[in-house]
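**Student:** In the numbering used here, the protein residues as written are 3 to 447.
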Ligand SMILES: Nc1ncnc2c1ncn2[C@@H]1O[C@H](COP(=O)(O)OP(=O)(O)OP(=O)(O)O)[C@@H](O)[C@H]1O
Ligand SMILES: [Mg+2]
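#1: In the DSSP output, what is residue 300 paired with across the bridge?
#2: Does residue 430 get closer than 8 Å to chain C when you measure Cβ to Cβ?
#3: Would you mind sorting residue 479 into buried or exposed? The rule is 16 or more other CB atoms within 10 Å of its CB.
#4: Helix, strand or coil for residue 231 per DSSP?
#5: So if I measure from each beta-carbon to every heavy atom of ligand 2 and keep distances below 5 Å, which residues remain?
#6: If you run the structure through DSSP and keep just helix, strand and coil, what is residue 51?
#7: Pull up the distance between the alpha-carbon of residue 146 and that of residue 368, whole angstroms please.
#8: Which one of 424, 99, 184, 289 has the shortest CA to CA distance from residue 245?
#9: According to DSSP, is residue 281 part of a helix, a strand, or is it coil?
#10: By how many angstroms is the C-alpha of residue 123 removed from the C-alpha of residue 325?
#11: Could you tell me if the beta carbon of residue 73 falls within a distance shorter than 7 Å of some heavy atom in ligand 1?
#12: Taking residue 136 as the reference, give the member of 372, 274, 97, 60 with the closest Cα.
#13: Check whether the Cβ of residue 196 lies closer than 7 Å to any heavy atom of ligand 1, and answer yes or no.
#14: Would you identify the three-state DSSP class for residue 305, choosing helix, strand or coil?
#15: Find out if the Cβ-Cβ distance for the pair residue 433, residue 90 is shorter than 8 Å.
#16: Closer than 7 Å to a non-hydrogen atom of ligand 1 - does that hold for the CB of residue 267?
#17: Could you pull out every unbroken alpha helix (DSSP H) segment of at least 4 residues lying fully inside the segment 364-401, listed in chain order?
#18: In terms of DSSP beta bridges, what is residue 216 paired with?
#19: Quick one: any contact between the segment 168-182 and the segment 140-156, if contact means 3 or more CB pairs under 8 Å?
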């Protein structure tokens, strides 16, 4: 470094700058940017050096955080794309395998093979669902909720998940604000944290689940990427387990990052939690010390809306068909053919189109179409949402059901479904398809 400075002085240049680590009086390290300007006489001999030093520590740390969040963002986009395409394939595999096993005799060996195929495809579907969760693209159904109530409802589940040598304590904040969150996904997220805590305490310990009102201020927001200052409702899961070193903690949200033995962990637990919290416009933070334990805090934005009634769970056991006329629009031939078969086998009359303009043509020519079942992402200059809008201009009572491998911006805003929009996420089981189609056909609007 000094060598460089000397050679600049000896030469003809007049600026020099360098960034290096610097030890502060308290022993902590600072990153400084050192700049020098060399003043020369007419002959070019160096007379003086004017120098300044700037503390760059905070800026460099922020840049590092930004790089980490950009990396997660990029991985998320890749993951979301891959999961989307796999969902199309899995829709066909799962549906055909289910149908095959229904057609085959119970004792036939072929039926077992069909069932195995269906099981494997269902596992694949679970995996893509996890990847979509990380990519912030799972369809969420947020409801105005009281986190204390939600957590209380999960107590039994938590106790069953943890062994008896782990004490559980619930600390509920009185006067907790309301928040808007998808209760089912929150449960999945907390369960993931719980399982991680259990794994970190093989010899037992203590687990604390705490709720609190929280304000993330401007300073906090400035120091954390993607955080908007404001009022939040916090829920944290704290264990007295092994803890994480800083490297593990900084990578823990990456999909497939795991320190567990092969077959023990997939490394998707925290990735899903991360994606879910971000998609809910919240914030997640890990505090961990090796040998001390770990605390993971989830923040969800405060909501001032009135509490929503919890929708009754849909019973999806029975498969109901119908005889209505359905216009099916899907650009992937394989998926379209498969869906058409399924709908036909449920008793429906099915018309098919490969893109938006073709579908509009069919709607003009045909009367009595009851339902438009359309993919969202389609080539041909018209996506599913645009198609639905155009169709409703001349068929105002047409019912619409969208399908998608992932929720596109076309119908999802801020990661949530627009009100009144019905979506069937790929891949789906036959009974889910049947139930959703029936529900939309039977709806009033
Ligand atoms: N409570 C915790 N205490 C200590 N380490 C943790 C804790 N939670 C997560 N980790 C670390 O973060 C890693 C990633 O966690 P994550 O939940 O994403 O994956 P996993 O638990 O390894 O696998 P999976 O959840 O998919 O079964 C873990 O392997 C572990 O090293
Ligand atoms: Mg885990």
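We put the beta carbon where it would ideally sit given N, CA and C, even for glycine.
**Tutor:** Looking at the coordinates:
#1: Here residue 300 corresponds to residue number 298 of the chain shown, with the count starting at 1. Note: residue 300 sits in a beta bridge opposite 237, 286.
#2: Here chain C cannot be found, since the structure has a single protein chain.
#3: Since the first residue of the chain shown is 3 and the last is 447, residue 479 is not available in this structure.
#4: Here residue 231 refers to the residue found at position 229 when the chain shown is read from its first residue. Coil at residue 231, not helix or strand.
#5: 198, 271
#6: As a first step, residue 51 must be located in the chain shown, where it is residue number 49. Strand, per DSSP.
#7: In the chain shown, residue 146 corresponds to position 144, counting from 1. In the chain shown, residue 368 corresponds to position 366, counting from 1. About 43 Å.
#8: In the chain shown, the residue the question calls residue 245 occupies position 243. Per the Cα distances, 289.
#9: Counting from one through the chain shown, the residue named residue 281 turns up at place 279. Helix.
#10: Walking along the chain shown from the start, residue 325 turns up at place 323. Walking along the chain shown from the start, residue 123 turns up at place 121. Distance between the alpha carbons of residue 325 and residue 123: 29 Å.
#11: Translated into the one-based positions of the chain shown, residue 73 becomes position 71. No, the Cβ of residue 73 stays beyond 7 Å of every heavy atom of ligand 1.
#12: Walking along the chain shown from the start, residue 136 turns up at place 134. That would be 274, whose Cα lies nearest to the Cα of residue 136.
#13: Translated into the one-based positions of the chain shown, residue 196 becomes position 194. No.
#14: Looking up residue 305 in the chain shown gives position 303. Shown here, residue 305 sits in coil according to DSSP, grouped into three states, outside any helix or strand.
#15: By 1-based counting over the chain shown, the position of residue 433 is 431. By 1-based counting over the chain shown, the position of residue 90 is 88. No, these two residues do not count as a Cβ contact at 8 Å.
#16: Taking the chain shown and counting its residues from 1, the one referred to as residue 267 is at position 265. Because some heavy atom of ligand 1 lies under 7 Å away, the Cβ of residue 267 counts as near it: yes.
#17: 386-396
#18: Within the chain shown, residue 216 is the residue found at index 214, counting from 1. Its beta-bridge partners are 234.
#19: yes
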